[in-house]
Every structure is written in C-alpha cells, then in structure tokens.
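This report refers to the structure that appears directly beneath it.
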Amino acid sequence: DILRDEIPRDAPTHQDDRLADLERLGVSKLQALNTSATSETKKTIEGLNALIRYPQTDYDLCVMITLRIAGEILVAETYRHIVPALARRYGMSPEESRFYYPHFVHDEKQAGGHTDSFNAVLGGLIIDRRSLDVAKEAARRAFEVRFAFYDQFVVQHAATRDFRGWRR
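Each number in this note's numbering corresponds to the 1-based position in the sequence shown with 94 added.
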C-alpha cells in the first residue's frame, strides 16, 4: 500500500510532480536530473542506507521507524518551510504546486493514507518495553542522519552538536 501510494500505476509519479514544480520554478528537467549530489547529500544517503541494511537485529522495526521518521515526518517539517518560501520567493501558490504542497499536506497527516499503514505495522512491532526502546533508538538515529543533511546549508561558527542535533 505504501509503495502504491508513492508510485501510482496510472498517475504521474512523485518524480514527475517534483520535476513539474522545478520546471515551474525555472529549473529544467535536464538540470534537475543531471545535478550531482553534494558530498553531504551522499553521506546522508549512505547513512540512511546503513540504517535499513539487512541483516540487523529487529530489522522490520528499524526499517519502518527509519522510513516513518526520515521519509515522512521530517520531510513534512522540511516542506513546512519550503512551501511558504515558494510562494514568497517565486510566486508559486500552494494550489499551483503538484509536488511540494501536496506532499507537505500528505506527510504531515497524523492519520489517513499510508500513515495508517505505518501505524498498523508499528503497532504490531512495538509490543513491549524492549521493542519500544529499539524503536526510540532507531528514531533517534534516523533523526540524526536526516538532520545532519541540513548542516551543508548552515554556516558553522564553532558550533557543537549534542546527540539530539541541536546547536549549543
């Protein structure tokens, strides 16, 4: 269900919608598809892949938590800032967006769509204190990897990070 939600059979894919929004903003499909990932982006991809690598103890739980945190919740938080910036800087209203606004609304939902699928699966996997602790650790690691991605956009001034990623 989650994959069909993300990659519909008879409708534009998320990639199609993202490219449509980028083209509306002046980024050609050629530019978007041929831009190399930064070293920080590559490091984030490697870090997320490590979190879902098989085999590992409590594989299903760790993968589902990683996907929910890094691929849904934190994406919605990112789009919470991108959507208003698209309107303010580029004049793209939420109604004109095929990707960013609809995904902000979709990913921020607490229920409905594949959020319910995640909730049902996680409800069956988190069954005791031990599995809750595993889930919390997987969520912390997913947060750390995804949060570190944004460091490339922030000027560092002798800042240090504690385990939650917050600046001191």
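All C-beta atoms in this analysis are idealised placements derived from N, C-alpha and C, irrespective of residue type, glycine included.
To the nearest angstrom, how far is the alpha carbon of residue i from that of residue j?
i: residue 111; j: residue 196; result: 10 Å
i: residue 211; j: residue 95; result: 7 Å
i: residue 148; j: residue 182; result: 43 Å
i: residue 176; j: residue 198; result: 9 Å
i: residue 173; j: residue 214; result: 25 Å
i: residue 257; j: residue 104; result: Confidence at residue 257 is low in this model, with a pLDDT of 47, below 50, so the placement of that residue should be treated as unreliable; the coordinate-derived value is given next. Their Cα atoms are separated by approximately 43 Å.
i: residue 194; j: residue 232; result: 27 Å
i: residue 162; j: residue 108; result: 17 Å
i: residue 131; j: residue 123; result: 16 Å
i: residue 185; j: residue 127; result: 23 Å
i: residue 216; j: residue 102; result: 23 Å
i: residue 129; j: residue 222; result: 45 Å
i: residue 230; j: residue 150; result: 16 Å
i: residue 228; j: residue 144; result: 16 Å
i: residue 180; j: residue 171; result: 15 Å
i: residue 209; j: residue 178; result: 24 Å
i: residue 187; j: residue 125; result: 23 Å
i: residue 166; j: residue 106; result: 20 Å
Give every residue of the same chain whose Cβ lies closer than 8 Å to the Cβ of residue i, excluding the five residues on either side of it in the sequence, and list them in chain order.
i: residue 225; result: 152, 155, 219
i: residue 190; result: 118
i: residue 246; result: 132, 134, 135
Since residue i and residue j should fall inside the 8 Å C-beta cutoff, what is the C-beta to C-beta distance between them, to a whole number of angstroms?
i: residue 134; j: residue 243; result: 6 Å
i: residue 164; j: residue 114; result: Wrong, their Cβ atoms sit about 24 Å apart, outside the cutoff.
i: residue 272; j: residue 248; result: Because the chain is modelled from 95 through 262, residue 272 falls outside the range shown and cannot be assessed.
For the alpha helix (DSSP H) containing residue i, list its first residue and its last residue.
i: residue 158; result: 153-162
i: residue 184; result: 168-184
i: residue 129; result: No alpha helix (DSSP H) holds residue 129; DSSP gives it neither H nor E.
i: residue 96; result: 96-100
i: residue 119; result: Residue 119 -> no alpha helix (DSSP H), and no H or E assigned at all.
Could you name the residues of the same chain whose beta carbon sits closer than 6 Å to that of residue i, not counting the 5 residues immediately before and after it, in chain order?
i: residue 146; result: 157, 160
i: residue 168; result: 240
i: residue 192; result: 111, 114, 115
CB-CB under 7 Å to residue i, same chain, minus the five flanking residues each way: which ones, in chain order?
i: residue 100; result: 108
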